[in-house]
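*Asks:* Mind having a look at this structure? Questions to follow.
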Amino acid sequence: MKFSLSWLREHLDFTASSEEICARLNGIGLEVESVENPAEKLAGFRTAKILEAHRHPDADRLQLCRVAAGAGYEDLQVVCGAPNARAGLHVIFAPPGTYVPGLDITIKKGKIRGEESGGMLCSLRELGLGEESDGIAELPETAPIGEAYATYAELDDPVIEIAITPNRGDALSIRGIARDLAAAGIGHLKPWLTEAVEGDFEPSISWKTAHPDCPYIVGRVIRGVKNSPSPDWLQRRLKAVGLKPISRLVDVTNYLTFDLGRPLHVFDVAKLSGNTLTVTHAARETFTALDGNEYVLGTDDMVIVDDAGVQSLAGIMGGQQSGVDENTTDVFVESALFDAVRIALTGRRLAIHTDARQRFERGIDPALVRGGLEAATIMIRDLCGGEPSEITEAGEAPNWKRTATLRFERLETLGGVQIPADEAVRSLEHLGFEVVERDDESATFAVPSWRNDVASGQVLAQAATLDEGVAAKAAASVARMEAECDLVEEVLRLHGLDAVPPVALPQTAMIPAPAVTPLQARAALLRRICAARGMMETVGFSFVANEDAVLFGDVPETQRLLNPIATDLDQLRPTPLVNLARALSRNLARGLGLSGEGALFEIGPCFDFEGQHLRLSGLRGGLTAREPGRAAQEATLWDAKADLTAALMALGVPEASLSVTADAPGFYHPGRSGQVRQGPKLVLGTFGELHPRVARALGLSGAVVAFELYLDRIPQPKAKKKAAPVLSALQPVRRDFAFLAGPDVEAQGVLKAVRMADRNLIQDVRLFDVFEGGSLPEGYRSLGVEVVLQPQTESLTDAGLEALSKSVEGAVLKATGATLRR
Amino acid sequence: MGGMADDLDTLKNDTLAALGAAQDRAQWDAIRVGTLGKSGALTGLLKQLGKLDPEERKLRGQALNRLRDELTRAIEERGREIEEQALEARLKSERVDVTMPAPSVATGAIHPISRTIEEMTAIFGAMGFSVAEGPDVESQWHNFSALNTPDHHPARTEHDTFYLPPKSGSNEPRVLRTQTSGVQIRTMLGQKPPIRIIAPGRTYRADHDATHSPMFHQCEGLVIDRNITLGHLKGCLIEFLRVYFDKPNLPVRFRASYFPFTEPSMEVDIGWSKATGEIGGGSDWLEVLGSGMVHPRVLANCGLDPAVWQGFAFGMGVERLAMLKNGIPDLRSFYESDLRWLRHYGFSAFSPATLTEGV
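Below, the structure written as structure tokens:
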């Protein structure tokens, strides 16, 4: 919403500067977005007069003008190329140093074809004010000499643009802004009274309303009007707030839309068919609006029709067919109440943004329907002449009257500040609230018609799961508490929120309990673990391209956006790996990730058929850095397995409870991937090389390995005290074993069998060598296993060692079929 | 007898000369063995003592013992010298170019969004808040209706909501939450006041340009009790902003505004310099937060009697606060995962946000 200070003066007597006004507007909730004074761009331009004009001795098209431009520029020569420059003409003069916005140059003193030129005579286009430029601007003879042009042209008029919050439809009018400012201590609100214009005849058009969203509509014919471009003052006023002057009739409606927040429409009576205008539901039809665009209407839309069809999209935009033009003589003026929701829905669907829609959508003053029509009548009569008819109306003005009660103590117990009751009452009265009843503790006010946001009493949307009694009890006090809250808000914003003293929150405990849940703490820990392992944390969008997502398995249609912002952001991701793969691919394409930094991870949500899950995903690709004695290396699945294992260990998952199965999801290399399980059913994570097909589809080359941890599946560790460690004084003994393992034997099984062979003595089991080929049978491997034995009470004897070796051999053979190599 | 003493002199002189000439441990060892070893020269002379008569044996024995002590000392000393020389030579030969870089270990980093949320959590945690979370996909009731934003409220269009197909058995599309306020609703429904939570998380709006991302993060807060006033709101947020920006005197301004779910509503500005971007300096104001007293209708929607319970709520953009504090110029860069950016703006894994070390 834009307004100029000169327009504001129509409603407000004030002496405050524009800075003071802006500061106050910001304080009271009318946020200033910009302040612009057109005069600032026109600094330097002065009014002047051409005293004499002669032809330039060396140029036919140039003239030498003697110009008088006031103090300091009493009499100087200016070379001018305009054909209309002539002696006696009042002009606009730019002395040297003046910036000319229309030309984007700064005037310098100089010689033109050998003749001194002490400045420039300007056109309006050069000032950035007009379009046509047939020579220099001609000012009337009454124009003074040597005045700042901006002052002379009444352009020294700051324009303030403010953001209007959805609740303040009343502030979409200059009168509304003036009222708020006056209540906030800036100036005095002038009275606004409009006389009722007596009509001389019965209107030829009458209203009918057949749509529930138009409770009340009024109108009148004004005949014998003359429509022409508006006078300068009106044009200037409209232009200042960004409106384009069209013609007197249209400009009147635009003026009142801004001035009073009262949208209006004028029909050309000659272009209407029949004698009735009806507000009704649209059919499925097309409609050409005043903006020249064709709109496809639906049966929910509200339109105004005559015998020939739709003439206006109610409350949003009039129709081209019945719009006024320079030949219009008789008009029908409309002033109506339209339902905010209806206007919002139609406007949104058709994407029409008009000043009328903006105001209806936020709710207009229901008491100003007739007043608006009268104001328009007077203005049209003044500007266009004509005779007004009697008023015709349909429906009836709704009962908008309601009250709100303020208990004065609530200013402190809710607002946190002590404000004297008298001040509170005075503030509200300035805003148009009227005291209905008052005692020491409270006051009840009649809410002004234009404040549809106060004590509005909309219906609740209580949770369906609430206990009936609880819901009813909560609902019972809402209307009263809300109305009071509305009043507290009004008093506080006028009093100034800065005056509310800040208070520390009461302490709940000397030392607060931990702020995060165990799951959140785990995510934080994993973040640090992964970063410490050389991976960069990323944050990826929760939506990805469907075609990328399907590479990672079936994705549900129920997790696909109905209105994606782009086709490549339409599917809720099945795993953060989708983002990580694309990110790695982009980095590699930029030549990054070739010095060991090609490792990314994310802890974030992912979405599948069951819903949303929290997942840690990591991806490694590219190459490690080349270093003396160490060539660059690609990542291997062991890196990914190590990452996953480190994450699981950090979370305190007992290693012995885990097993690995070679059945990872299909986006992994089928022979180089696995799942980590706890027990037979619960999968905690996966790791492996990406399937080459998937990698290629995502633009990745070279080995790329990944891991995932299903964070919300990890059981919380049991909070049991650790037993003290046994720190034996005896030396541990190391023994190596080599097992011949057939094609079906897994290392995991062999290691586990060894470990279980003697759980007291065997402290650690480690695979240190794998060998195949040579003399071994096809498909067989030799597994070298180091066993660390920790005697507790007495040293191991040869016999004891021998017995242990036997039981290790036997256990492995029994569990896996692998035999000891001798 | 003189001849016998002479041979001792000769042995002594020869041995000392040989020791002097020995260059390494092997040569030295040969001399040691050749003199003092089982079949060494001196050992041989000692063995011959028994053949002498007692008088001679005594004298020669004494001489030999002196010589043995002398040579033993000389040999040991020379041994140490040679060892010293050998070590010198080894150290010389083992010299490397210590200006070469050590093998690198890849270092990762924590994303500024995570870091910022951790900082917020640390500060609000100290004020007794706990962190609440909720789903990214919400019902329209949780995201809008419960928050006093009915179907046709202009705020719904302003939010540019992303929609998802309805759950089976319903015909109402679900939404990607446009704010984390749904978490506040869930908290009020799930727990009895007093309530003191923050809800950091992902939020989504269908807007994509230089200053808007279709996904971003918000941190909202909610405090509900019997006697919470707007004064507490101000105290809490001023404290947060001053600690977060580490500026004990940061100017903070509260401006009346409007949100459907709070009343009175306020936007919160901090002082800064538009010219230099310095937080707390200059004479300009920068909006950083939205806040207000929880709307009675929101309380009632969640079954809390607004005549009994009241409190405040606030919401802030995580990226925005991260950008301001860390001088990050571009919003979109947060999600591009450019390794150079991540390294530049990322945080060490080893310095989690704690109040004891300073956030």
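Going line by line, the protein sequences match chains A and B. So that you can map any letter, position 75 of the first sequence is 75 in UniProt numbering, and since no number is skipped, the others follow by simple counting. So that you can map any letter, position 28 of the second sequence is 28 in UniProt numbering, and since no number is skipped, the others follow by simple counting. Backbone N, C-alpha and C fix where the C-beta goes; we use that ideal spot for every residue, glycine too. As the structure is a computational prediction, the values presented were derived from the model and not from experiment.
1) Would Arg297(B) pass as an interface residue toward chain A - the criterion being a Cβ-Cβ separation below 8 Å?
2) So Val470(A) is in the beta strand (DSSP E); what residue range does that whole segment cover?
3) Determine whether the Cβ of Ser6(A) lies closer than 8 Å to any Cβ atom of chain B.
4) Should the region 736-743 of chain A be regarded as contacting the region 534-551 of chain A, the criterion being three or more beta carbon pairs within less than 8 Å?
5) Count the C-beta pairs between the region 526-544 of chain A and the region 269-277 of chain B that are closer than 8 Å, then say yes if the count reaches three, no if not.
6) So, is Pro388(A) buried or exposed, given that buried needs 16 or more other C-beta atoms within 10 angstroms?
7) Only counting the same chain, and skipping five residues up and downstream in sequence, which positions put a Cβ closer than 6 Å to that of Thr276(A)?
8) In or out: Met1(B) buried (at least 16 other Cβ within 10 Å) or exposed?
9) DSSP beta-bridge partners for Phe201(A)?
10) Suppose contacts are defined by Cβ-Cβ distances below 8 Å. Is Ile378(A) in contact with Thr354(A) by that definition?
11) Is it buried or exposed, Val808(A), if we count other Cβ atoms within 10 angstroms and call 16 or more buried?
12) Have a look at His111(B), Asp29(B) and Ala210(B) and flag the residue whose alpha-carbon is nearest the alpha-carbon of Asp537(A).
13) How about Ser257(B): is its C-beta nearer than 8 Å to some C-beta of chain A?
14) Check each candidate in Val33(B), Thr187(B), Tyr204(B) and Leu230(B) and name the one with the smallest Cα separation from Pro264(B).
15) Taking the runs of the alpha helix (DSSP H) that are 4 residues or longer, which of them lie wholly in the region 13-39 of chain B?
16) Taking 8 Å as the CB-CB limit, is Gly346(B) close to chain A?
17) Over the uninterrupted beta strand (DSSP E) stretch that includes His217(B), give me the two end residues.
18) Interface residues of chain B around Gly636(A) at Cβ under 7 Å?
19) In whole angstroms, what separates the C-alpha of Tyr335(B) from that of Val305(A)?
20) Please classify Gln559(A) as buried or exposed, where buried requires at least 16 neighbouring CB atoms within 10 angstroms.
21) With which residues is Met302(A) paired in a DSSP beta bridge?
22) What is the DSSP secondary structure of Phe347(B), reduced to helix, strand or coil?
23) Among the residues of its own chain, which have a CB less than 8 Å from the CB of Val341(A), if the five just before and after it don't count?
24) Could you name the residues of the same chain whose beta carbon sits closer than 8 Å to that of Ser351(B), not counting the 5 residues immediately before and after it, in chain order?
25) Buried or exposed for residue 841(A), please, with buried defined as at least 16 other CB atoms from any protein chain shown within 10 angstroms of its CB.
26) For His323(B), return the contacting residues in chain A, with the cut-off set at a CB-CB distance below 7 Å.
27) Residues bridged to Thr116(B) by DSSP?
28) Under the three-state reduction of DSSP, which class applies to Leu8(A): helix, strand or coil?
29) Return the CA-CA distance between Val539(A) and Ala171(A), expressed in angstroms with no decimal places.
30) Leaving out the 5 sequence neighbours to the left and right, which residues in its chain are closer than 8 Å to Leu249(A) when beta-carbon positions are compared?
31) Is the region 492-504 of chain A in contact with the region 165-183 of chain B, if contact means three or more CB pairs nearer than 8 Å?
32) May I ask you to list, following chain order, the residues of the region 209-228 of chain B that have a beta carbon less than 9 Å from some beta carbon of chain A?
33) On the three-state DSSP scale, how would you describe Cys302(B)?
34) List, in chain order, every chain B residue whose beta-carbon is nearer than 8 Å to that of Cys384(A).
35) Check whether the Cβ atoms of Gly534(A) and Ala106(B) sit closer than 8 Å, and answer yes or no.
*Replies:* Let me lay it out:
1) yes
2) Here Val470(A) belongs to no beta strand (DSSP E); instead the alpha helix (DSSP H) covers Glu468 to Ala476.
3) no
4) no
5) no
6) buried
7) Ser206 and Lys208
8) Note that Met1(B) scores 43 on pLDDT, short of 50, meaning its location in the model is unreliable; the coordinates nonetheless yield the value given after this. Exposed is the call here.
9) DSSP lists no partner for Phe201(A).
10) no
11) buried
12) Correcting the residue type first, residue 537(A) is Glu in the shown sequence and not Asp. Closest by alpha carbon: His111(B).
13) yes
14) Leu230(B)
15) 25-36
16) yes
17) Met215 to Asp225
18) The residue asked about is misnamed: residue 636(A) is Thr in this sequence, not Gly. Per Cβ cutoff of 7 Å: no residues; Thr636(A) is ~15 Å from chain B at best.
19) 52 Å
20) buried
21) His281(A)
22) strand
23) Asp213
24) Glu357
25) A question about residue 841(A) goes unanswered here, because the residues of chain A that appear run from 1 up to 822.
26) Correcting the residue identity first, residue 323(B) is Met in this sequence and not His. Result: empty, since nearest Cβ-Cβ is about 14 Å, beyond 7 Å.
27) In DSSP, Thr116(B) forms no bridge with anything.
28) helix
29) 41 Å
30) Val225, Asn227, Val266, Val324, Thr328, Val331, Ile380 and Cys384
31) no
32) Ser213, Pro214, Met215, His217, Val223, Asp225, Asn227 and Ile228
33) coil
34) Residues of chain B passing the Cβ test: none, with the nearest at roughly 35 Å.
35) yes
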